[in-house]
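Notes follow once the structure below has been shown.
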Amino acid sequence: MKDAWSLVLHKPRSIAARRELLEQWNREQDPRARLLGLALNGFLDVFGGLDVGGDGGEMLESAARLIYDKGKELAGPIASLVDAFDFQLGLVGGVLLPAKSFERIGKQLVALAPLVGLALDDPADSLGIATNPVLAQVLDLGFRGRGIDDDLAKSIASSDFMSEVRELDLSGGTITDVGFAALVASTKLPNLLSLDLTGNACERAGTEVDGRFYWIPPAADGYWNTAMKQQFLSSAYSPAQLVWPPIFDKYAWTD
4 MKDAWSLVLH
14 KPRSIAARRE
24 LLEQWNREQD
34 PRARLLGLAL
44 NGFLDVFGGL
54 DVGGDGGEML
64 ESAARLIYDK
74 GKELAGPIAS
84 LVDAFDFQLG
94 LVGGVLLPAK
104 SFERIGKQLV
114 ALAPLVGLAL
124 DDPADSLGIA
134 TNPVLAQVLD
144 LGFRGRGIDD
154 DLAKSIASSD
164 FMSEVRELDL
174 SGGTITDVGF
184 AALVASTKLP
194 NLLSLDLTGN
204 ACERAGTEVD
214 GRFYWIPPAA
224 DGYWNTAMKQ
234 QFLSSAYSPA
244 QLVWPPIFDK
254 YAWTD
């Protein structure tokens, strides 16, 4: 039988696994239990309709303050291995680091936290990034810097490890209609809801592609600002705010 932490790592989107972990940490008087309890119970009260014996909104606010005050300490060893991280339901769930570093320590990272969000800098330095098996549990995947091009788009479109990805951010690159066509035709991205191609070279009209996911057009005259982008993205998700800082629910939490 798996211990509670191993179960959370094995099922990073499971509410039940986190509740079991919370019970274990409370028994052991683990200091991480406070944040997990606030975030998890606050979520269940506000978005799950469960009576947890308190004000869920206040719990989520307290969780946000605790992260602000002690986030690095509560994150644990993973904080020193990445450039940035965020919390999702009381545990580190998303990280930012160079693609080259992820190639080297990706397995270590998923052993330290139930990661479902990943942002990678300079994919040009890691040509085999799309073939990394660690990506199999990632739901929110983004890239920044050098190497966001047709080759990356085609490698993603043919990857065997991205079937769980819901949101894919390829903004700010040089992707043309060639890369865009590969992504649209791909059968390897069955769960993709949002594809951000803002600032790339491909030029097409429309926002919905074959009924499966949304395409965000390139920016024009600064018209596509951050507020509009967030409003557009919200159409693909329910507006529940599960993460601190708050973002839209794209992690498909399960019982």
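According to this note's numbering, the residues represented by the sequence shown are 4 to 258, in order.
Built from N, CA and C at the ideal position, the CB exists for glycine as well.
All figures in this text were calculated on a predicted structure; none of them were measured in a lab.
The beta strand (DSSP E) runs lying completely inside the stretch 97–177 and spanning 3 residues or more are 120–124, 143–147, 170–172, given in chain order.
The three-state reading of DSSP puts Ser65 in helix, counting H, G and I together.
By the neighbour-count criterion, in which a residue is buried when 16 or more other Cβ atoms sit within 10 angstroms of its Cβ, Pro15 is buried. Boundaries of the alpha helix (DSSP H) around Ser9: 7–13. For Phe164 against Ala139, the beta-carbon gap comes to about 5 Å, under 8 Å, which counts as contact. Taken atom to atom, the span from the alpha-carbon of Lys157 to that of Val113 is near 25 Å.
The Cβ atoms of Asp152 and Ile132 lie no closer than 8 Å to each other.
For Arg149, the closest C-alpha among the options Arg68, Ala127, Asp143 is that of Ala127.
When the alpha-carbon of Pro34 is set against those of His13, Ser17, Lys73, the nearest one is in Lys73. Measuring C-alpha to C-alpha distances from Ser83 to each of Asp6, Ser197, Ile108, Pro193 identifies Ile108 as the nearest. If you draw a 10 Å sphere on the C-beta of Leu92, you find 16 or more other C-beta atoms in it, and that means buried. Nearest C-alpha to Ala116 among Leu12, Asp54, Leu173: Leu12. No beta strand (DSSP E) of 3 residues or more sits fully in the stretch 19–67. Nearest to Ser65 by alpha-carbon distance, out of Ser166, Leu198, Leu43, is Leu43. About 16 Å separates the Cβ atoms of Ser197 and Ala160, ruling out a contact at the 8 Å cut-off. Annotation for Asp89: the continuous beta strand (DSSP E) segment containing it runs 87–91. Annotation: Val187 to Asn194 spans about 12 Å, alpha carbon to alpha carbon.
In this structure Asp86 touches Leu99 by the C-beta definition: roughly 5 Å separates them, less than 8 Å. Taking Asp172 as the centre and dropping the five residues before and after it, the same chain places the C-beta of Gly145, Asp199 closer than 6 Å to its C-beta, in chain order.
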